[in-house]
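Protein sequences appear in the order of chains A, B and C. If you count the first sequence from 1, position 117 lands on 116 in numbering that gives the first Met the number 0, and the numbers rise without skipping. If you count the second sequence from 1, position 125 lands on 124 in numbering that gives the first Met the number 0, and the numbers rise without skipping. If you count the third sequence from 1, position 216 lands on 215 in numbering that gives the first Met the number 0, and the numbers rise without skipping. A short write-up of the structure that comes next.
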Amino acid sequence: MTEESLPSSPSIAGIYFALLGIATVASGLAELLLTASGSEFVYGILEIPGDIFRGGWGGFVVLSAGLLYLSGARNMVDIHQFAKVVMGSILIWIIAGCDIFAMIAESIPGGEDGPWLNTLSGFIETYAPPYSPAVLLLPFSLVVIYYVRKRVFLEGGGRNSS
Amino acid sequence: MKILLMGHPNVGKSVFFNRLTGANVTESNYPGTTVDYTKGWMKIDGKDVELVDVPGTFSLDPKDKAEEVAVAMLHENRGALVISVIDASKIERGLYLALEIIEEGYPLVIALNMRDVAEDKNILIDADKLERILDIPVVSTVAISGEGIKELVSRVKEAKPVDVDDIISNATKAADVGAAGDVP
Amino acid sequence: MKLSAEERWDLIDRISKETVTFGAYRHTLTDAIGELTIKPLTGIPIAIAVLYGFWSLFGSFAGTLCTDGFFVKFFDGYWLPWLQQVFPGQGNWFYVIMVDAGGIESGEFVLSESSFESFGVLTSGLFLAIGVVLPAIFIFYLMLAILEDIGYMPRLAVLIDTMLHRIGLHGYAIVPTILSLGCNVPGVAATRILETKKQRFIMMTLLAIFIPCGAQIGIMEEVVPDLIGWIMLYLIIGYFIFGYILNKIVPGRAPEFLIDVPPYRRPLARNIGKKIYGRVTGFFKVALPFVLLGCVIVGILYQMGVIQWLGGVLAPIFVGWFGVPPETAGPLVAAFLRKDLAVAQLSTIEMTEYQMITSVVLVSIYFPCVATFAMMLKEGWKDLLWALAVLAVVVFVYGGLIHLIGILLGVA
Ligand SMILES: Nc1nc2c(ncn2[C@@H]2O[C@H](COP(=O)(O)OP(=O)(O)O)[C@@H](O)[C@H]2O)c(=O)[nH]1
Ligand SMILES: [Mg+2]
Numbered sequence: 000m001t002e003e004s005l006p007s008s009p010s011i012a013g014i015y016f017a018l019l020g021i022a023t024v025a026s027g028l029a030e031l032l033l034t035a036s037g038s039e040f041v042y043g044i045l046e047i048p049g050d051i052f053r054g055g056w057g058g059f060v061v062l063s064a065g066l067l068y069l070s071g072a073r074n075m076v077d078i079h080q081f082a083k084v085v086m087g088s089i090l091i092w093i094i095a096g097c098d099i100f101a102m103i104a105e106s107i108p109g110g111e112d113g114p115w116l117n118t119l120s121g122f123i124e125t126y127a128p129p130y131s132p133a134v135l136l137l138p139f140s141l142v143v144i145y146y147v148r149k150r151v152f153l154e155g156g157g158r159n160s161s
Numbered sequence: 000m001k002i003l004l005m006g007h008p009n010v011g012k013s014v015f016f017n018r019l020t021g022a023n024v025t026e027s028n029y030p031g032t033t034v035d036y037t038k039g040w041m042k043i044d045g046k047d048v049e050l051v052d053v054p055g056t057f058s059l060d061p062k063d064k065a066e067e068v069a070v071a072m073l074h075e076n077r078g079a080l081v082i083s084v085i086d087a088s089k090i091e092r093g094l095y096l097a098l099e100i101i102e103e104g105y106p107l108v109i110a111l112n113m114r115d116v117a118e119d120k121n122i123l124i125d126a127d128k129l130e131r132i133l134d135i136p137v138v139s140t141v142a143i144s145g146e147g148i149k150e151l152v153s154r155v156k157e158a159k160p161v162d163v164d165d166i167i168s169n170a171t172k173a174a175d176v177g178a179a180g181d182v183p
Numbered sequence: 000m001k002l003s004a005e006e007r008w009d010l011i012d013r014i015s016k017e018t019v020t021f022g023a024y025r026h027t028l029t030d031a032i033g034e035l036t037i038k039p040l041t042g043i044p045i046a047i048a049v050l051y052g053f054w055s056l057f058g059s060f061a062g063t064l065c066t067d068g069f070f071v072k073f074f075d076g077y078w079l080p081w082l083q084q085v086f087p088g089q090g091n092w093f094y095v096i097m098v099d100a101g102g103i104e105s106g107e108f109v110l111s112e113s114s115f116e117s118f119g120v121l122t123s124g125l126f127l128a129i130g131v132v133l134p135a136i137f138i139f140y141l142m143l144a145i146l147e148d149i150g151y152m153p154r155l156a157v158l159i160d161t162m163l164h165r166i167g168l169h170g171y172a173i174v175p176t177i178l179s180l181g182c183n184v185p186g187v188a189a190t191r192i193l194e195t196k197k198q199r200f201i202m203m204t205l206l207a208i209f210i211p212c213g214a215q216i217g218i219m220e221e222v223v224p225d226l227i228g229w230i231m232l233y234l235i236i237g238y239f240i241f242g243y244i245l246n247k248i249v250p251g252r253a254p255e256f257l258i259d260v261p262p263y264r265r266p267l268a269r270n271i272g273k274k275i276y277g278r279v280t281g282f283f284k285v286a287l288p289f290v291l292l293g294c295v296i297v298g299i300l301y302q303m304g305v306i307q308w309l310g311g312v313l314a315p316i317f318v319g320w321f322g323v324p325p326e327t328a329g330p331l332v333a334a335f336l337r338k339d340l341a342v343a344q345l346s347t348i349e350m351t352e353y354q355m356i357t358s359v360v361l362v363s364i365y366f367p368c369v370a371t372f373a374m375m376l377k378e379g380w381k382d383l384l385w386a387l388a389v390l391a392v393v394v395f396v397y398g399g400l401i402h403l404i405g406i407l408l409g410v411a
């Protein structure tokens, strides 16, 4: 109760995850819009997917992750708010993890007419950019682990959070 | 001798069963994975004893087919000994089933499982006192790490039928002692 | 002496007063995340994300890596050509059943190019079983075991509960349903957690009809990857429509059920390994012999002309009522024995996308596979007979309905 009634000053973490949330929402919307228009977008190391499965379904998940960040970034001391931020990161990990696993699955076999296993250069090439927004957001989402650890540490000390 | 592992769904019975018999029964983190019973053998003091992983049931008045199997299992084995597995973080519900089995006259041992979960929830249980009130062995365990399992096995032979009347009078006595202790 | 329930609770109350101390309840992060995954507003997007991950990893591992990456190459590039050469008696009936049914082009017997077309037990049969189905069920059960052990399943059950109530099942029915996506056999066994006969009957029937197993999904992923979304959609819609109808007409009660949601836990690698091992060996012992035997029987029936004859007899229904081309009659009949083989056969027939969707949906809702059939028989033959009656009606009605929808959409 007291936590909620206090005007919470925006913490560094709060600002960080709010910004990450905005970037994530933008990525999710871009994926959904591109899917709706049936096109794809590549710029530098960024490639926004536009197929129904990855862009549509996956885009919805990215959008949800962004919304979780945005709604959780306010007043992160509250465990329920913080859980939303953690969940936002978990959603990003799901999408990015699947994107990366798709690359791994592609990189190992040698292709239809090639040898059994991929050549080393072919193997490495598969991992070259461009990447999907989720993969680019991945490193930034990992920051949440730091806060989870910090929190667990604090909770272990004093047994009196919400 | 036959030993039945009984308790609510998802309290860790199958983990016990696998640990005690070396068998491979599916353990899952959701109620209702064990819908049929499994039998296996374990050794107590060098003797072979049959152990049964009974499907989870909330009470002795069955609500579904899996529970029917459980209750039938109990009633078909009048001479059996029961290890009542209780989730320590939900001890009251577990005791309900344990009492029902005690009332039917079966010798019982209680495994207060998931002590780690209870601790996380800040629930502390005085197992010794519980043991004195119920007058049967009560062992705190963490099945997945094996904590307390040895003690449980070593105390199985202390199981005996008890009369609920005795439990009621023990509880009253304990309450009196407790009240006396509170007043300086 | 026995107590009444009230006296018992009273006693428990007194005992726990003496022995249990509840400290201040601490809300841990796991608890808070647990709540997020259950509240619909956040829980539904999370469920959608989990399903996305499930599906994506399934496709990458089973499709891209295993089947396309290695098995197709092995079976088409080495195994099939080698067998075609060394197996004696090219063109005779035994060769046709075991290795390659081939084709007749301008009066001459020609060999098949791929293991999808050859339909021999040792070629298509082994390829489908080892090259397609095995990786599919492996990854399926791996992910399922992880979700199970974390404790996500009951939460999914709570989320889906309201929807399932409409069809007379409580949220827990999602567990048998999801288990069935791996294999219908454990799914049928899991219906025992449902309370009434009515619920069990509805669930078992719906499973056998509408839930494609991992083997089938793997094959659909492989041969009709672009259409699988539509096929699954039709199956899910059918699951709910016919569930709703069955709930209305089957006598009996469908009482409420309180689900006990366990806390999230860290899955143990040992336990997961054990589950996978059990299920994969189960596949080799139970499913694989059925697959190969099914291939043999289908091959023999084709050789004797039985399937062609039945196909001919039933073709008017297939063409007129379901709107699929006459060539599909053969595979649709063969699907009674082997659905996976039938889907592979269908994929080689020339037809429109919508006809393909219709025919694959028909194959999926057909008769349960032999292993499931045996399991249902074990649960009671009366229910099985009723389930089969429902099945016949559903195939006929739903098949026609899909055709009708196609006509209305102008695609059939
Ligand atoms: N934390 C914790 N988890 C446990 C313990 N015992 C069992 N579990 C977990 O609880 C879940 C249910 O166990 P299971 O044996 O399948 O329960 P059953 O339904 O009673 O057979 C599994 O995920 C186990 O890993 C314990 O002592 N502590
Ligand atoms: Mg069990």
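Note that the Cβ used here is the ideal one computed from N, Cα and C, for glycine as well.
CB contact check: residue i to chain B, cutoff 7 Å
{"i": "C:I11", "result": "yes"}
{"i": "C:N246", "result": "no"}
{"i": "C:G242", "result": "no"}
{"i": "C:G22", "result": "yes"}
{"i": "C:V279", "result": "no"}
{"i": "C:R154", "result": "no"}
{"i": "C:R252", "result": "no"}
Beta-carbon separation (whole angstroms), residue i vs residue j, contact threshold 8 Å
{"i": "C:G322", "j": "C:G405", "result": "6 Å"}
{"i": "A:A101", "j": "C:S59", "result": "5 Å"}
{"i": "B:M113", "j": "B:S144", "result": "That belief does not hold up - the Cβ atoms of B:M113 and B:S144 are roughly 11 Å apart, past 8 Å."}
{"i": "C:G329", "j": "C:I306", "result": "5 Å"}
{"i": "C:V290", "j": "C:R337", "result": "7 Å"}
Contacts that residue i makes with chain B (C-beta to C-beta distance below 8 Å)
{"i": "C:I262", "result": "In the sequence under discussion, the amino acid at residue 262 of chain C is Pro, which differs from the Ile named in the question. Residues of chain B passing the Cβ test: V116."}
{"i": "C:E194", "result": "K62, D63"}
Chain-ordered chain C contacts of residue i [CB-CB under 9 Å]
{"i": "B:E91", "result": "W8, I11, D12, I14, S15, V19"}
{"i": "B:Y36", "result": "By Cβ distance, chain C contributes nothing, its closest Cβ being about 12 Å from B:Y36, past 9 Å."}
{"i": "B:Y95", "result": "A4, R7, W8, I11"}
Where residue i meets chain C, residues with beta-carbon distance less than 8 Å
{"i": "A:S63", "result": "P44, I45, I47, A48"}
{"i": "A:M75", "result": "Per Cβ cutoff of 8 Å: no residues; A:M75 is ~12 Å from chain C at best."}
Interface residues of chain A facing residue i [CB-CB closer than 8 Å]
{"i": "C:A31", "result": "I78, H79, F81, A82"}
Cβ of residue i within 7 Å of any chain C Cβ
{"i": "B:E146", "result": "no"}
{"i": "B:N9", "result": "yes"}
{"i": "B:I85", "result": "no"}
{"i": "A:P108", "result": "yes"}
{"i": "A:E105", "result": "yes"}
{"i": "A:S26", "result": "no"}
{"i": "B:E102", "result": "yes"}
{"i": "A:I93", "result": "yes"}
Cβ of residue i within 7 Å of any chain A Cβ
{"i": "C:Y276", "result": "no"}
{"i": "C:F69", "result": "yes"}
{"i": "C:R179", "result": "The displayed chain sequence assigns Ser, not Arg, to residue 179 of chain C. No, because no Cβ of chain A sits closer than 7 Å to the Cβ of C:S179."}
{"i": "C:L287", "result": "no"}
Contacts that residue i makes with chain A (C-beta to C-beta distance below 7 Å)
{"i": "C:L35", "result": "A82, K83, M86"}
Interface partners of residue i on chain C, CB under 7 Å
{"i": "A:G57", "result": "Y51"}
{"i": "A:F100", "result": "L56, S59"}
{"i": "A:R150", "result": "L28"}
{"i": "B:I135", "result": "Per Cβ cutoff of 7 Å: no residues; B:I135 is ~13 Å from chain C at best."}
Proximal residues of chain B, C-beta to C-beta of residue i below 7 Å
{"i": "C:N270", "result": "E26"}
Contact set between residue i and chain B, taken where Cβ atoms lie within less than 9 Å
{"i": "C:L267", "result": "E26, I143"}
Neighbour list for residue i in chain A, Cβ cutoff strictly below 9 Å
{"i": "C:T66", "result": "Near C:T66 there are no residues of chain A at all, since even the closest Cβ is about 10 Å away, more than 9 Å."}
For the structure I just gave you, are there three or more beta carbon pairs, one from the region 186-201 of chain C and one from the region 325-340 of chain C, closer than 8 Å? no
*At least three beta-carbon pairs within less than 8 Å, the region 195-211 of chain C to the region 167-184 of chain C*: yes
Cβ contact (3+ pairs, closer than 8 Å) linking the region 286-295 of chain C and the region 53-63 of chain C: no
Q: Count the CB pairs spanning the region 16-34 of chain C and the region 66-83 of chain A that are closer than 8 Å, and state whether there are at least three.
A: yes
Q: Indicate whether the contact test is met: 3 or more Cβ pairs, each with one atom in the region 127-140 of chain A and one in the region 15-23 of chain B, closer than 8 Å.
A: no
Exercise. Decide yes or no for the touch test of the region 34-54 of chain C against the region 154-161 of chain C: beta carbon pairs closer than 8 Å, at least 3 of them.
Key: yes
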